[in-house]
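From first to last, the protein sequence lines stand for chains U and B.
Residues in the first sequence are numbered consecutively from 42, following the working numbering.
Residues in the second sequence are numbered consecutively from 42, following the working numbering.
Protein chains: 2
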Amino acid sequence: MKTMISVEQQAIAAKKAAKTLSLLSENEKNEALNTLADHIEKNVKRILEANEADLHKGREKGFDEAYMDRLALSESRVLELAKGLREVSRLDDPTGDILSEWTLENGLHVQQVRVPLGVIGMIYEARPNVTADAAGLALKSGNAIVLKGGSSSINSNRAIVEVLHEALRETKIPAEAVQFIDSTDRAAAQQLFTMKEHIDVLIPRGGAKLISAVVSNATVPVLETGTGNCHLYIDKEADLDKALKIIVNAKTDRPAVCNAAETLIIHEDWLKENSSAIAEMFAAHSITVHGDEKAAENLPDVIPANEQDWSDEYLSLDIAIKVVSSLDEALEHIERYGTKHSEAIITENKDTAHQFMAIADAAALYHNASTRFTDGSALGFGAEIGISTQKLHARGPMGLPALTTVKYLMHGTGQTR
Amino acid sequence: MKTMISVEQQAIAAKKAAKTLSLLSENEKNEALNTLADHIEKNVKRILEANEADLHKGREKGFDEAYMDRLALSESRVLELAKGLREVSRLDDPTGDILSEWTLENGLHVQQVRVPLGVIGMIYEARPNVTADAAGLALKSGNAIVLKGGSSSINSNRAIVEVLHEALRETKIPAEAVQFIDSTDRAAAQQLFTMKEHIDVLIPRGGAKLISAVVSNATVPVLETGTGNCHLYIDKEADLDKALKIIVNAKTDRPAVCNAAETLIIHEDWLKENSSAIAEMFAAHSITVHGDEKAAENLPDVIPANEQDWSDEYLSLDIAIKVVSSLDEALEHIERYGTKHSEAIITENKDTAHQFMAIADAAALYHNASTRFTDGSALGFGAEIGISTQKLHARGPMGLPALTTVKYLMHGTGQTR
Numbered sequence: 042m043k044t045m046i047s048v049e050q051q052a053i054a055a056k057k058a059a060k061t062l063s064l065l066s067e068n069e070k071n072e073a074l075n076t077l078a079d080h081i082e083k084n085v086k087r088i089l090e091a092n093e094a095d096l097h098k099g100r101e102k103g104f105d106e107a108y109m110d111r112l113a114l115s116e117s118r119v120l121e122l123a124k125g126l127r128e129v130s131r132l133d134d135p136t137g138d139i140l141s142e143w144t145l146e147n148g149l150h151v152q153q154v155r156v157p158l159g160v161i162g163m164i165y166e167a168r169p170n171v172t173a174d175a176a177g178l179a180l181k182s183g184n185a186i187v188l189k190g191g192s193s194s195i196n197s198n199r200a201i202v203e204v205l206h207e208a209l210r211e212t213k214i215p216a217e218a219v220q221f222i223d224s225t226d227r228a229a230a231q232q233l234f235t236m237k238e239h240i241d242v243l244i245p246r247g248g249a250k251l252i253s254a255v256v257s258n259a260t261v262p263v264l265e266t267g268t269g270n271c272h273l274y275i276d277k278e279a280d281l282d283k284a285l286k287i288i289v290n291a292k293t294d295r296p297a298v299c300n301a302a303e304t305l306i307i308h309e310d311w312l313k314e315n316s317s318a319i320a321e322m323f324a325a326h327s328i329t330v331h332g333d334e335k336a337a338e339n340l341p342d343v344i345p346a347n348e349q350d351w352s353d354e355y356l357s358l359d360i361a362i363k364v365v366s367s368l369d370e371a372l373e374h375i376e377r378y379g380t381k382h383s384e385a386i387i388t389e390n391k392d393t394a395h396q397f398m399a400i401a402d403a404a405a406l407y408h409n410a411s412t413r414f415t416d417g418s419a420l421g422f423g424a425e426i427g428i429s430t431q432k433l434h435a436r437g438p439m440g441l442p443a444l445t446t447v448k449y450l451m452h453g454t455g456q457t458r
Numbered sequence: 042m043k044t045m046i047s048v049e050q051q052a053i054a055a056k057k058a059a060k061t062l063s064l065l066s067e068n069e070k071n072e073a074l075n076t077l078a079d080h081i082e083k084n085v086k087r088i089l090e091a092n093e094a095d096l097h098k099g100r101e102k103g104f105d106e107a108y109m110d111r112l113a114l115s116e117s118r119v120l121e122l123a124k125g126l127r128e129v130s131r132l133d134d135p136t137g138d139i140l141s142e143w144t145l146e147n148g149l150h151v152q153q154v155r156v157p158l159g160v161i162g163m164i165y166e167a168r169p170n171v172t173a174d175a176a177g178l179a180l181k182s183g184n185a186i187v188l189k190g191g192s193s194s195i196n197s198n199r200a201i202v203e204v205l206h207e208a209l210r211e212t213k214i215p216a217e218a219v220q221f222i223d224s225t226d227r228a229a230a231q232q233l234f235t236m237k238e239h240i241d242v243l244i245p246r247g248g249a250k251l252i253s254a255v256v257s258n259a260t261v262p263v264l265e266t267g268t269g270n271c272h273l274y275i276d277k278e279a280d281l282d283k284a285l286k287i288i289v290n291a292k293t294d295r296p297a298v299c300n301a302a303e304t305l306i307i308h309e310d311w312l313k314e315n316s317s318a319i320a321e322m323f324a325a326h327s328i329t330v331h332g333d334e335k336a337a338e339n340l341p342d343v344i345p346a347n348e349q350d351w352s353d354e355y356l357s358l359d360i361a362i363k364v365v366s367s368l369d370e371a372l373e374h375i376e377r378y379g380t381k382h383s384e385a386i387i388t389e390n391k392d393t394a395h396q397f398m399a400i401a402d403a404a405a406l407y408h409n410a411s412t413r414f415t416d417g418s419a420l421g422f423g424a425e426i427g428i429s430t431q432k433l434h435a436r437g438p439m440g441l442p443a444l445t446t447v448k449y450l451m452h453g454t455g456q457t458r
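Quick look at the structure:
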């Protein structure tokens with residue numbers, strides 16, 4: 042019961058702080074972000090000690106290597122948090138931008154102005170870096186933030202927030218603009234789902250399970266960030282060198298991230314012609330191949346693919362292969378199993394590429410390039426708060442403008458209708 | 042059970058039609074819209090006969106006058122539907138617009154392009170005009186639409202859709218792009234709430250109850266259109282003439298619409314000085330006044346206001362009066378009871394107006410003008426699909442761009458990361 046009351050009180054305090062914050066100048070916000078960075082740099086040891094407590098618990102619980110890696114901070118990773126805050130201070134502040142303005146015949150002057158959303162609810166899992174990164178992006182765009190991290194990183198998150206609070210007390214931004222739900226209780230997160238009065242948007246960052254729990258149960262609007270079941274379609278007119286290079290990059294550069302490729306869809310004519318080159322590439326990069334019957338007929342060591350191979354992300358050096366006889370068949374497979382994140386076609390035929398990009402329904406569509414570019418910093422947006430796989434509000438990598446809304450401001454001299 | 046299967050089949054058919062539609066040119070869509078208008082004009086009698094069946098049922102059920110008015114069509118109202126479709130054909134098609142494009146250092150070319158959302162689910166109440174208006178806006182922006190109207194207008198809606206289908210068969214747009222749920226069963230509407238696979242967005246149009254049922258139960262993203270509990274704040278430095286003119290317009294021009302004013306917040310100093318002018322204006326326009334104690338001290342015939350007077354829309358010639366002693370108190374009242382639709386301040390003090398407009402949180406904020414301008418056609422957007430009172434995706438009157446999303450299209454020559 043104590044937690045229940047306090048989560049709502051925290052959200053109310055965030056909303057109040059958001060009002061003060063929304064009236065600050067860009068300079069005041071930038072100075073504050075640099076003060077946050079200074080304090081992070083001065084407190085590396087303290088943050089690492091807290092992280093060690095999380096790592097110790099994690100080892101006891103027997104978390105796997107990938108999970109422990111997401112959980113772990115190091116001196117350089119903590120310094121990256123400070124660097125990230127300084128980078129955000131240099132991004133353009135989108136708030137206050139006049140997106141359009143005009144005057145009606147009766148003299149009423151209309152402006153459409155970008156303003157902060159208000160209070161952002163951030164629900165995330167292991168990675169403690171989200172604590173500082175999300176706070177920085179929220180504050181720069183004039184929003185307060187309520188942070189609810191995973192229980193496995195609670196000590197790290199708490200230490201980072203303590204440092205941020207100490208720093209904020211030296212700035213014009215009220216410390217209450219960053220709220221930390223200091224609880225490992227799931228009910229605390231669930232309370233945020235329905236606090237429409239105090240929270241303007243929820244952003245879940247983490248695995249498919251977390252995201253789906255938020256989307257299904259929240260009445261607060263959600264910015265859905267995504268799982269990426271990304272496909273590469275190798276057309277019958279694909280160039281072999283480009284295909285090999287792109288497959289290797291999209292699959293092996295960072296297999297655990299959402300813009301990595303999970304399924305290859307290969308035109309059967311092309312596969313027959315290039316099966317030995319493809320097989321060599323898989324072997325050279327230790328890629329485990331799951332596939333349909335036609336894949337098994339043309340390639341060695343193919344594990345029969347089942348429904349889960351088509352629908353789930355591997356996030357590992359596994360890949361699924363679906364062999365098709367037409368572009369339409371490839372598009373149907375993507376429509377059925379894709380998560381609307383990133384899809385690519387490799388072909389030398391521009392018309393085929395155009396058709397693919399017109400029909401496939403995803404945030405990012407690639408012709409002869411790796412899906413790995415679906416990323417705020419790779420595209421030049423600066424830091425991102427996540428990659429949206431939904432169609433409303435923001436789609437693809439979300440920078441600062443995704444954390445804003447608009448107001449119409451109308452100045453008149455007594456106009457009536 | 043039959044309905045259950047058929048609603049899903051209709052949504053699947055809509056999704057398939059949306060793909061064909063999304064590849065049509067602006068000209069092909071415009072020609073189709075004009076063909077729809079032609080057919081509406083040729084079938085006025087048929088539509089009016091169907092409407093007469095709904096009106097007959099409505100009279101039997103004893104619906105009130107305002108409701109019957111929303112339900113009723115006339116020759117001129119049907120011809121307005123055709124005129125509306127022709128107007129939509131003349132609006133700019135937002136799809137295909139390149140919102141931004143740039144080339145990365147490695148040569149990867151990035152375009153952010155506007156595309157249709159896909160399939161729109163429209164859930165609405167009495168007004169049969171929504172059937173044609175919403176279909177026109179959806180088709181022009183390349184979207185298929187699934188229409189679920191209220192049971193009281195089902196004959197009118199069915200007749201309009203029959204005419205639209207006959208017309209579509211003469212055009213490049215597949216008739217399946219307009220789906221009509223021919224059922225008075227609420228379960229049919231509820232099925233649409235969770236059809237995330239086939240429906241990209243739900244737009245509820247109607248009363249607060251309908252909208253809240255959709256928002257609370259849908260997992261499909263919702264474009265929330267709004268109830269408008271709009272306030273006029275009469276500051277201590279308000280000009281009397283402007284205040285009177287704006288109050289009369291915002292309250293009496295069309296009391297039943299969402300941008301009409303429902304509550305006056307009046308600074309007590311101003312009220313004391315201008316009470317007789319205000320009282321005369323109320324009497325002259327047959328406005329019934331509900332108010333707090335201070336209002337009753339300064340004005341005649343004030344009915345004591347309760348919580349509901351502050352929180353609900355009257356949609357009639359009733360008005361609530363809250364007397365305050367500061368701008369802050371006015372802003373607190375708006376924050377507590379406002380629906381984030383439209384809020385106005387009447388004052389000659391620009392600083393006070395600026396503060397009001399910076400702090401009040403609503404789609405549209407007015408200084409010395411009537412709230413009645415929050416309307417797509419009044420602001421020059423052309424037809425609107427509704428007025429959004431949410432902060433994500435679209436805020437305020439929603440024209441064609443609100444029915445679109447974006448895709449990033451990346452053209453490369455083998456780029457990897």
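We treat Cβ as the ideally placed atom computed from N, Cα and C, and that holds for glycine.
None of these values were measured; they are calculated from a predicted model.
Cβ distance (whole Å) where residue i is taken to contact residue j below 8 Å
i: Leu268 of chain B; j: Ile252 of chain B; result: The sequence as given places Thr at residue 268 of chain B; Leu does not occur at that position. Between Ile252 of chain B and Thr268 of chain B the Cβ distance is about 7 Å, and since that is below 8 Å, they are a contact.
i: His382 of chain B; j: Thr430 of chain B; result: 5 Å
i: Leu205 of chain B; j: Ala175 of chain B; result: Not quite, the Cβ-Cβ distance comes to about 11 Å (not below 8 Å), so this is no contact.
i: Ala424 of chain U; j: Gly125 of chain U; result: 6 Å
i: Gly417 of chain U; j: Pro438 of chain U; result: 4 Å
i: Asn409 of chain B; j: Lys283 of chain B; result: 6 Å
Alpha carbon of residue i to alpha carbon of residue j, nearest angstrom
i: Tyr407 of chain U; j: Val119 of chain U; result: 34 Å
i: Val219 of chain B; j: Leu188 of chain B; result: 7 Å
i: Ser63 of chain B; j: Met398 of chain U; result: 12 Å
i: Leu281 of chain U; j: Arg436 of chain U; result: 31 Å
i: Leu285 of chain U; j: His308 of chain U; result: 15 Å
i: Leu149 of chain U; j: Glu389 of chain B; result: 16 Å
i: Phe347 of chain U; j: Asp353 of chain U; result: It should be pointed out that residue 347 of chain U corresponds to Asn in this sequence rather than to Phe. For Asn347 of chain U and Asp353 of chain U, the distance between alpha carbons rounds to 10 Å.
i: Phe5 of chain U; j: Asn300 of chain U; result: Limits of chain U in this structure are 42 at one end and 458 at the other, which puts residue 5 of chain U out of reach.
i: His272 of chain U; j: Ile306 of chain U; result: 7 Å
i: Lys60 of chain B; j: Thr380 of chain U; result: 18 Å
i: Asp369 of chain B; j: Glu128 of chain B; result: 44 Å
i: Lys277 of chain B; j: Leu312 of chain B; result: 8 Å
i: Asn270 of chain B; j: Gln349 of chain B; result: 11 Å
i: Thr260 of chain U; j: Thr136 of chain B; result: 30 Å
i: Gly427 of chain U; j: Val171 of chain U; result: 10 Å
Environment of residue i [buried if 16+ CB atoms lie within 10 Å]
i: Thr454 of chain B; result: exposed
i: Thr329 of chain U; result: exposed
i: Lys43 of chain U; result: Confidence at Lys43 of chain U is low in this model, with a pLDDT of 49, below 50, so the placement of that residue should be treated as unreliable; the coordinate-derived value is given next. It is exposed - the Cβ of Lys43 of chain U has fewer than 16 other Cβ atoms within 10 Å.
i: Asp41 of chain B; result: Past the edges of chain B, shown from 42 to 458, lies residue 41 of chain B, and the structure says nothing about it.
i: Gly440 of chain U; result: buried
i: Ser130 of chain U; result: buried
i: Arg238 of chain U; result: One detail in the question is off: residue 238 of chain U reads as Glu in this sequence, not Arg. When all chains shown are included, Glu238 of chain U counts as exposed.
i: Gln50 of chain U; result: exposed
i: Asn68 of chain B; result: exposed
i: Arg168 of chain U; result: buried
i: Leu140 of chain B; result: exposed
Checklist line | Every unbroken beta strand (DSSP E) inside the stretch 236–272 of chain B [3 residues or more] | finding: 242–246
Check: Between the stretch 287–313 of chain U and chain B, which residues of the former have a C-beta closer than 7 Å to a C-beta of the latter?
Finding: So the list reads Ile287, Asn290 and Asp294, given in the order they occur along the chain.
Next item on the list: Could you tell me which uninterrupted alpha helix (DSSP H) segments, each at least 4 residues in length, are contained entirely in the stretch 379–441 of chain B, listed from first to last along the chain?
Entry: 391–400 and 417–420
Notebook entry, point to check: Which of the residues in the stretch 419–434 of chain B, read from start to end, lie with their CB under 8 Å from any CB of chain U?
Noted result: Ala419, Leu420, Gly421, Gln431, Lys432, Leu433 and His434
Next item on the list: Closer than 7 Å, Cβ to Cβ, to anything on chain B: give me those residues from the stretch 172–188 of chain U, in chain order.
Entry: none
Next item on the list: Scan the stretch 432–451 of chain B for residues whose Cβ lies nearer than 7 Å to a Cβ of chain U and list them as they occur along the chain.
Entry: Lys432, Leu433, His434, Arg436, Gly437, Thr446, Val447, Lys448, Tyr449, Leu450 and Met451
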